[in-house]
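Residue numbers (our numbering): 509 to 743. Reading through the structure tokens given below for one structure.
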Amino acid sequence: MKYKRVLLKLRGESLMGAKQFGIDNDVIAQYADEIKKLCDKKVEVAIVIGGGNIFRGVQAENGGMDRTQGDYMGMLATMINSMALQAALDKLGLYTRLQSAIEMKEIAEPFIKRRAVRHLEKGRVVIFGAGTGSPYFTTDSAAALRAIEIDADVILKGTRVDGIYTADPEKDKSATRFDNISFDEAYKRGLNVMDMTAFTLCKENDLPIIVFDMNKKGNLLKVVEGEKIGTLVSA
Ligand code: UDP
509 MKYKRVLLKL RGESLMGAKQ FGIDNDVIAQ YADEIKKLCD KKVEVAIVIG GGNIFRGVQA
569 ENGGMDRTQG DYMGMLATMI NSMALQAALD KLGLYTRLQS AIEMKEIAEP FIKRRAVRHL
629 EKGRVVIFGA GTGSPYFTTD SAAALRAIEI DADVILKGTR VDGIYTADPE KDKSATRFDN
689 ISFDEAYKRG LNVMDMTAFT LCKENDLPII VFDMNKKGNL LKVVEGEKIG TLVSA
């Protein structure tokens, strides 16, 4: 196993599957299956999920709502997704803990780094909900922050494309994929790996990121085993 402790970042939108909004139960069950494969191999797994399938702060702002209010609504959306994934993991018999950056003691533990690490050491999957707990951030930044705090070996950014391309492969057919790229090169080329706050956090703390296709069965485990899948961004 190449990586022992990983932080998996999933986009809220990926949970929609073919739907226009919300959560597709088949998608979440499939993701849970993929995650279980890691647990079966004793990989320590922490997860951050976005909330874009339910709510984004910028949407609210465009509609005339205060941005901060919208961002908190977005953070609550991540909690809904986190709870859905937790339920799917529980169903497979995995041990899970949900930690929230905003206190919600009836449904989640507060985020406590030492406790999170202890859970991981005991083989529990830890989901970090409510992003960073602060407006004007994204769940990519939350993923970077939590990964650094818990000393993860890598951030695994699950997407619907199989890595980072020279241009958007859905628009430009001549785009080619990178197997590896340095933080500096990705920055110079203006490639959209994660938002800039998250990207900078990873770069400054020497935390590699792998962008890969989460929808392809078996990919997640292969990435963790060190197979050359997706794009590795590192120093
Ligand atoms: N959000 C926030 N602070 C955070 C994380 C998230 O304010 O630390 C809000 C923000 O409004 C964001 C929304 O929650 O738009 C949903 O998260 P995100 O857009 O990162 O979800 P994803 O794109 O991964 O689905």
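Ideal Cβ placement from N, Cα and C applies to all residues, glycine included. Bear in mind the structure is a predicted one, so any value in this text is a computation, not a measurement.
Spatial distance of Leu-584 from Ser-522 (CA atoms): Residue mapping note: residue 584 aligns to position 76 of the sequence shown, counting from 1. Residue mapping note: residue 522 aligns to position 14 of the sequence shown, counting from 1. When rounded, the separation of the alpha-carbon atoms in Leu-584 and Ser-522 is 17 Å.
Taking the Cβ atom as the reference point for each residue, do Gly-726 and Lys-510 lie within a distance shorter than 7 Å? Residue mapping note: residue 726 aligns to position 218 of the sequence shown, counting from 1. Residue mapping note: residue 510 aligns to position 2 of the sequence shown, counting from 1. For the pair Gly-726 and Lys-510, the CB atoms are not nearer than the 7 Å cut-off.
Are the beta-carbon atoms of Pro-643 and Asp-579 separated by less than 7 Å? Residue numbering aside, residue 643 sits at position 135 when the sequence shown is read from its first letter. Residue numbering aside, residue 579 sits at position 71 when the sequence shown is read from its first letter. Cβ atoms of Pro-643 and Asp-579: closer than 7 Å.
Quick one: grab the DSSP three-state call for Asn-570. In the sequence shown, residue 570 corresponds to position 62, counting from 1. Three-state result, Asn-570: helix.
Should Tyr-539 be labelled buried (16 or more other beta-carbon atoms within 10 Å of its own) or exposed? As a working mapping, residue 539 is identified with position 31 in the sequence shown. With at least 16 other beta carbons inside 10 angstroms of its own, Tyr-539 counts as buried.
Which residues does DSSP list as the beta-bridge partners of Val-719? Counted from its first residue, the sequence shown places residue 719 at position 211. According to DSSP, which records beta bridges pairwise, Val-719 is partnered with Lys-665, Thr-739.
May I ask you to list the residues that DSSP assigns as paired with Lys-517? Start at 1 with the first residue of the sequence shown, and residue 517 comes out as number 9. DSSP lists Val-556, Lys-665 as partners of Lys-517.
Separation of Lys-517 from Ala-638, as counted between CA atoms: Along the sequence shown, one-based indexing puts residue 638 at 130. Along the sequence shown, one-based indexing puts residue 517 at 9. A straight-line Cα-Cα distance of about 13 Å links Ala-638 and Lys-517.
DSSP on Ile-689, reduced to helix/strand/coil? Taking the sequence shown and counting its residues from 1, the one referred to as residue 689 is at position 181. Correct three-state label for Ile-689: strand.
Compute the beta-carbon to beta-carbon distance between Ile-718 and Val-662, rounded to the nearest angstrom, for a pair I have assumed lies under 8 Å. For the purposes of this step, residue 718 is identified with residue 210 of the sequence shown, where counting begins at 1. For the purposes of this step, residue 662 is identified with residue 154 of the sequence shown, where counting begins at 1. Ile-718 to Val-662, Cβ: 6 Å. Contact.
Spatially closest choice to Asn-619 from Val-556, Gly-572, Gln-528, Ala-596, by CA coordinates: As a position in the sequence shown, residue 619 is number 111, starting the count at 1. For the sequence presented, residue 619 should be read as Phe rather than Asn. Minimum Cα distance to Phe-619 is reached at Val-556.
Residues that Leu-606 bridges to, as DSSP identifies them: Within the sequence shown, the letter at position 98 stands for residue 606. Among the bridge pairs identified by DSSP, Leu-606 is matched with Ile-635.
How long is the line joining the alpha carbons of Lys-724 and Glu-712, rounded to whole angstroms? Working through the sequence shown from its first residue, we reach residue 724 at position 216. Working through the sequence shown from its first residue, we reach residue 712 at position 204. A direct Cα-to-Cα measurement between Lys-724 and Glu-712 gives close to 31 Å.
Using a threshold of 6 Å, is the CB atom of Phe-645 nearer than that to any non-hydrogen atom of the ligand UDP? Residue numbering aside, residue 645 sits at position 137 when the sequence shown is read from its first letter. Phe-645 Cβ: within cutoff of the ligand UDP.
Nearer than 6 Å: is that true of the beta carbon of Ala-650 relative to any heavy atom of the ligand UDP? Taking the sequence shown and counting its residues from 1, the one referred to as residue 650 is at position 142. With a cut-off of 6 Å, the C-beta of Ala-650 is classified as near the ligand UDP, since at least one heavy atom of the ligand falls inside that distance.
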